[in-house]
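The structure appears right after this line, and notes come after that.
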Ligand code: HXC
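In full-length UniProt numbering, the protein residues as written are 14 to 275.
Below you can see the structure in the form of structure tokens.
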């Protein structure tokens, strides 16, 4: 078990799969600032300091919601100067600095900041009961945790624009068909499927998985030429690792590689 948090449950299994559960079920796991602080701190700890964590799963407690958004009650009376001066909700971007792969297991509503949190993860696995949306327009605001950017990159301009301007929701099946989620599974199988995937990723060399993640994410940041150059340098750098020698030797010797993360 990972530390004592008020709004988060955390554990790491023997395969190195960490599971962080947003734990405000009565508020549909609405993301208040305390929860944000705890989730970011837990991810940073798992990324840089935990001795055995290799992959991070983020999910919501209860069967109804992954997260129903930023906490509206906490935000409702905020003034512009407070939002600007305190950098309201800008802490979430810290998750981009996490090097270990993050999988969002979306178990219900992923709305507003909840959808944006899922999109901050590297892979989204959706329960068939999941529902994604950016309903901020109905609250007199707009998506402010990356939604206008990441949803547009995930599903294309026209669909993203429609979703952001209407607040309509996407079903799990639609999210998969648009490429927002990588798959949809029966709700009862969500955690088992996600853990199985996480264990497969956990078996990889950690530095190589982190480099591969960084390269894929660069596709959102760079031109194709710059991205390909970035990728090439990361590819070459793998040859500095014992894990490259081990991976290729294991193939040639017809055995399973044993990676040492070095
Ligand atoms: C605070 C929330 C909440 C939220 C739900 N709750 N969502 N509290 N912030 N985002 C609380 C409700 O107030 C209620 O508490 C309890 O959770 C259960 O919710 P209900 O509405 O009673 O459930 P239900 O009727 O089943 O409807 C589910 C729902 C609805 C459709 C998900 O709760 C909903 O529309 N929630 C808000 C979704 C949303 O607009 N999200 C975007 C937030 S803005 P009580 O105590 O009343 O029983 C945002 C901005 C991000 O995310 C960007 C900022 C930078």
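Cβ coordinates follow ideal geometry from the N, Cα and C atoms, glycine included.
Which residues DSSP lists as bridging residue i, in chain order
i	result
residue 287	Since the displayed the chain opens at 14 and closes at 275, residue 287 lies outside it and no answer follows.
residue 80	123
residue 196	138
residue 24	32
residue 44	83
residue 115	69
Nearest to residue i (by Cα), restricted to the options the options
i	options	result
residue 228	23, 266, 109	109
residue 39	84, 56, 17, 50	84
residue 72	32, 125, 213, 251	32
residue 272	94, 67, 15, 181	67
residue 70	194, 20, 114, 195	114
residue 193	164, 211, 214	164
residue 21	27, 30, 50	50
residue 112	231, 252, 92	231
residue 29	185, 93, 15	15
residue 191	95, 173, 235	173
residue 138	56, 127, 185, 269	185
residue 181	41, 248, 125	125
residue 34	226, 267, 204, 170	204
residue 212	252, 65, 268	65
residue 188	128, 105, 268	128
residue 154	178, 171, 136	178
Cβ-heavy atom distance, residue i to the ligand HXC, below 6 Å
i	result
residue 122	yes
residue 148	yes
residue 83	yes
residue 260	no
residue 43	yes
residue 86	yes
residue 204	no
residue 169	no
residue 49	no
residue 35	no
residue 40	yes
residue 102	yes
residue 280	With the chain running from 14 to 275 in the structure shown, residue 280 is simply not present.
residue 29	no
residue 126	yes
Within-7 Å CB hit, residue i to chain D
i	result
residue 220	Here there is only one protein chain, and chain D is not present.
Integer Cβ distance of residue i from residue j, believed to fall under 8 Å
i	j	result
residue 44	residue 116	About 18 Å; that fails the 8 Å criterion.
residue 25	residue 63	7 Å
residue 48	residue 37	6 Å
residue 224	residue 250	7 Å
residue 46	residue 106	Not a contact, Cβ separation roughly 14 Å.
residue 275	residue 262	Contact doesn't hold; Cβ gap of about 15 Å is too wide.
residue 54	residue 23	Incorrect: roughly 10 Å between the Cβ atoms, too far for contact.
Quiz prompt | Contact the stretch 219-230 vs the stretch 150-164: 3+ CB pairs below 8 Å | solution = no
Quiz prompt | Sufficient close CB pairs (3 or more, under 8 Å) joining the stretch 66-86 to the stretch 117-127 | solution = yes
Quiz item: Does the stretch 129-148 come close enough to the stretch 185-203 that 3 or more CB-CB pairs lie under 8 Å?
Solution: yes
Quiz item: At a cut of 8 Å, does the stretch 144-154 reach the stretch 90-107 through at least three beta carbon pairs?
Solution: no
Practice problem: Answer yes if the stretch 238-251 comes into contact with the stretch 124-138, meaning at least three C-beta pairs across the two stretches below 8 Å, and no otherwise. | Solution: no
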